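Step one of this worksheet: look at the structure below.
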Amino acid sequence: MFGMSLPEIIVILVIAVLVLGPDKLPEALVKFAKFFKYFKAQVSSAKSNFEQEVRIAELKADAAKLKSSVTDISSNVRKKLTFEELDELKKSASDFSAELKNSLDFSQTNSDNENSRISGENSRIGSENQVLDKLNVLDKLNSDPLNNKIDEKTDEQKAGKNV
Numbered sequence: 000m001f002g003m004s005l006p007e008i009i010v011i012l013v014i015a016v017l018v019l020g021p022d023k024l025p026e027a028l029v030k031f032a033k034f035f036k037y038f039k040a041q042v043s044s045a046k047s048n049f050e051q052e053v054r055i056a057e058l059k060a061d062a063a064k065l066k067s068s069v070t071d072i073s074s075n076v077r078k079k080l081t082f083e084e085l086d087e088l089k090k091s092a093s094d095f096s097a098e099l100k101n102s103l104d105f106s107q108t109n110s111d112n113e114n115s116r117i118s119g120e121n122s123r124i125g126s127e128n129q130v131l132d133k134l135n136v137l138d139k140l141n142s143d144p145l146n147n148k149i150d151e152k153t154d155e156q157k158a159g160k161n162v
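Quick note: the sequence shown uses numbering that gives the first Met the number 0, first residue 0, plus one each step.
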């Protein structure tokens, strides 16, 4: 500890006991321990602050390097992009938009065809339902007992005229 050996520490403790006396020695050791703890905390705080500042400086240097490389790349891209390349990009973009429009038109046509097929099916089903409704009405009339009696009387009348 601090480059001192055990015999040197014993000599210092003996001198401290003689100078301070047995009454003040425990109190002095407590004060010395508190001071040493405070000193150690301040040193570690200063060390962590210094390390943090070093990290911040490194990050700033890295950010500056990245910023310069991005500006270099963007200026190179601007220099290399000629008007012919720009025209090619515009043409490919217009071709892509035309393809997209064609595919949308095709899907719209398919959905229109499907809708017309569905509406045809619905109208066919509607006419079939009307025919079924008429058949149901006829079945009700045929199954109605009052109607059957009327039919029997007309059959009897016809039979009486034919005889």
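Glycine included, every Cβ here is placed at the ideal spot set by N, Cα and C.
The structure presented is a predicted model; accordingly, all values stated were derived computationally and were not measured.
- The beta-carbon separation of Leu24 and Ala15, rounded to 6 Å, stays under the 8 Å limit for a contact.
- In this structure, the straight-line span from the alpha carbon of Leu65 to that of Glu7 is close to 57 Å.
- Ser4 carries a coil assignment under DSSP once its states are collapsed to helix, strand and coil.
- In this structure, the alpha-carbon of Ser96 lies about 34 Å from that of Ser68.
- Per the coordinates, the alpha-carbon of Ile55 lies some 27 Å from the alpha-carbon of Ser73.
- Residues of the same chain with a CB within less than 7 Å of the CB of Thr70, apart from the 5 flanking positions on each side, do not exist.
- In terms of Cβ geometry, Leu19 and Ala27 form a close pair [threshold 8 Å].
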